[in-house]
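Novice: Handing you a structure now.
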Amino acid sequence: MKKSLVLFFIIFVSCLAGKAQTERLISLQKGTVLVYEVNKNNQTYPLTITIESIEPDIVFSFNSEGTEKKSGNITINKKALLASGRLVFDFSQSKLILSDATCLFFSKIFYNKIDSIAEQIYTQQNESAESSTFTIKLDNNNLPVILGGVSKEVEEINVNGKEAKLFTYSINNVKDPRGNPVEFGTSYIFRIVRNSVFPIISYANMVTYELVLKEVKNIQWLRYNYAKNEYEPVKDDEIDD
1 MKKSLVLFFI
11 IFVSCLAGKA
21 QTERLISLQK
31 GTVLVYEVNK
41 NNQTYPLTIT
51 IESIEPDIVF
61 SFNSEGTEKK
71 SGNITINKKA
81 LLASGRLVFD
91 FSQSKLILSD
101 ATCLFFSKIF
111 YNKIDSIAEQ
121 IYTQQNESAE
131 SSTFTIKLDN
141 NNLPVILGGV
151 SKEVEEINVN
161 GKEAKLFTYS
171 INNVKDPRGN
181 PVEFGTSYIF
191 RIVRNSVFPI
201 ISYANMVTYE
211 LVLKEVKNIQ
221 WLRYNYAKNE
231 YEPVKDDEID
241 D
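So, in structure tokens, the structure goes:
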């Protein structure tokens, strides 16, 4: 019997419990709301994402309050969530089905690469790993973005009406597609939530486009039970700061 997508990711994150801050996890569910702030073309406006389904694909609706108000529905195929090499930020269409790309989520294969680099830097004390890179195609750009420079960060945002910590990986494009160093101020920066069943993008800065996760509503917290070697649901008031 095939494992569900959620169970697959929970098992994957469970394997990291000993080396990452994964004692508690954010688990998305139908009705989860992600509230982002977008800065684009000198305008700041909210982008609200509402999860419609997480099985077998992730499906969410969006509502953008920019100058051109947009709303629509995006589906990310299960295969793309596991192994996509492309990331898009396309909220211009009323309906978008992604079979070879992800949006607002990093694929498992890229999260695995990021975690591997962080493991070498922070656990194995391998200084050479700090220059490790991997490539990703961004939007419709045929030239891949070379990402690296992995670091661990801690953010605090409102989760279910309460301030909570998000443990993230921060990465940036240290080189351009031709291998040359990227100048300060022109680097792309991404932060990916580590203590989440799905690798949510909490921050993205692509020079002319910035996206910041401000609030998360209606999620289920999971806590790792070392005696049972599995994650279990817990109530909001049982989550420590």
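Going by my numbering, the first residue of the sequence shown is number 1, and it counts up by one from there. Cβ atoms here follow ideal geometry from the backbone N, Cα and C, with glycine treated the same way. Since the structure is predicted, the reported quantities are computational estimates derived from the model, not experimental observations.
Going by beta-carbon coordinates alone, are Leu222 and Glu210 separated by less than 8 angstroms?
Specialist: Result no, Cβ atoms of Leu222 and Glu210 do not sit closer than 8 angstroms.
Novice: For Ile146, tell me which candidate among Ala118, Ser132, Asp115 has the shortest Cα-Cα distance.
Specialist: Ranking Ala118, Ser132, Asp115 by Cα distance to Ile146 puts Ser132 first.
Novice: How big is the Cα-Cα spacing for Asp139 and Phe91?
Specialist: Those two C-alpha atoms are separated by around 11 angstroms.
Novice: Considering just the uninterrupted stretch of the alpha helix (DSSP H) at Phe110, what are its terminal residues?
Specialist: Residues 108-118.
Novice: Would Tyr226 be called buried (16 or more neighbouring beta carbons within 10 Å of its own) or exposed?
Specialist: The residue in question, Tyr226, is exposed, as its Cβ has fewer than 16 Cβ neighbours within 10 Å.
Novice: CB-CB under 7 angstroms to Ser53, same chain, minus the five flanking residues each way: which ones, in chain order?
Specialist: Same-chain partners within the cutoff: Lys30, Val59.
Novice: In angstroms with no decimal places, state the Cα-to-Cα distance between Pro199 and Val154.
Specialist: The alpha-carbon atoms of Pro199 and Val154 are separated by roughly 15 angstroms.
Novice: Give the secondary structure of Thr32 by DSSP, where H, G and I count as helix, E and B as strand, and everything else as coil.
Specialist: Thr32: coil per DSSP, three-state reduction.
Novice: Kindly identify the DSSP beta-bridge partner or partners of Thr208.
Specialist: Paired residues: none, contrary to the question.
Novice: Under 8 angstroms by Cβ, that's how I've got Leu25 and Val38 pegged, so tell me the actual separation to the nearest angstrom.
Specialist: Not quite, the Cβ-Cβ distance comes to about 26 angstroms (not below 8 angstroms), so this is no contact.
Novice: Using a Cβ-Cβ cut-off of 8 angstroms (strictly less than) and excluding sequence neighbours within five positions of Glu183, which residues of its own chain qualify?
Specialist: There are no such residues.
Novice: Would you report the Cα separation of Ser27 and Thr67, rounded to the nearest angstrom?
Specialist: Rounded to whole angstroms, Ser27 to Thr67 spans 32 angstroms at the Cα level.
Novice: If I measure Cβ to Cβ from Gly85 and keep anything under 7 angstroms in the same chain, skipping five residues before and after, which residues do I get?
Specialist: Excluding sequence neighbours, Gly85 sits near Ile136, Lys137.
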